[in-house]
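Enquirer: Each residue of the sequence shown is one higher than the one before, starting from 0 at the first, in numbering that gives the first Met the number 0.
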Amino acid sequence: MTADISILDLFLQASFLVKLVMLILLGMSVASWAMIIQRSKVLSKAAKDTESFEDKFWSGKDLSALYQEVNKRKDELSGTEEIFYSGFTEFARLRKSNASSPDYIMEGTGRAMRVAVSREVDDLETSLPFLATVGSISPYIGLFGTVWGIMHAFIALGEVKQATLAMVAPGIAEALIATAMGLFAAIPAVMAYNRLSNKVGKLEHNYATFSEEFHSILHRQAMAGRE
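1) Going by CA-CA distance only, name the one from Asp121, Glu89, Arg94 and Ile149 that's closest to Val264.
2) According to the neighbour-count rule (16 or more other Cβ atoms, all chains shown, within 10 Å of its Cβ), is Leu19 buried or exposed?
3) By the 10 Å Cβ neighbour count, where 16 or more other Cβ atoms means buried, how is Ser210 classified, buried or exposed?
4) If distances are taken between C-alpha atoms only, which option among Met190, Ala223, Leu24 and Lys201 comes closest to Val116?
5) Quick one: grab the DSSP three-state call for Ile216.
6) Can Ala177 and Met34 be called in contact, C-beta distance under 7 Å?
7) Closest to Leu65 by C-alpha separation, out of Tyr84, Tyr192 and Thr49, would be which residue?
8) Which residues bound the alpha helix (DSSP H) around Gly86?
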């Protein structure tokens with residue numbers, strides 16, 4: 000690339016299809032970065048909220064009192080708080096009408112908490128499929144723009160009697176920018192997807208572990224109530 004040719008100049012000189020490919024890749028890159036930043040904040044907050052609530056849960060505070068405290072914010076709950084709220088709500092409801100059947104109570108309570116865990120994980124995984132898609136298809140979109148641009152450059156080259164490197168170089172350069180933009184969009188998306196997926200996996204494990212531990216505590220209460 001010569002000193003007097005900028006990337007903007009190459010973009011403006013490119014064919015319509017190559018320009019379209021570049022704009023699509025630029026849009027995908029901007030959208031993926033916005034989602035990366037937003038999801039990173041959400042997952043970091045979820046991890047902090049989980050740690051905070053579990054500290055409160057294991058502090059020895061009465062579960063009924065903790066439930067009443069959480070119930071005041073029932074429309075704002077997420078993570079382990081939502082799992083706790085769903086499990087305790089179902090436990091209390093079933094215990095009123097089936098106090099002598101702890102197995103039935105715990106079956107319904109466990110089901111409610113599994114549903115809550117599933118919903119929370121689904122919320123955490125929002126936008127991750129988009130990042131995976133950007134990471135997987137961006138290089139191919141860029142490669143398509145490159146192939147088309149090079150083909151367009153050689154077709155134009157065939158129309159002249161004497162071909163020189165200076166004539167074909169700008170066309171090839173503008174085409175290769177599409178591949179570079181494809182990698183520019185794909186690499187951060189793949190890295191972020193792997194990192195965020197790992198965070199979601201850890202949170203899912205924490206949710207499942209908390210659910211099992213809470214289920215055991217409620218089971219002991221159900222058995223004590225029957226006795």
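Every residue gets a Cβ at the ideal spot worked out from N, C-alpha and C, and that includes glycine.
Expert: So, from the data block:
1) For residue 264 there is no data in the structure shown, the boundaries of the chain being 0 and 226.
2) exposed
3) buried
4) Lys201
5) helix
6) no
7) Tyr84
8) Thr79 to Ser96
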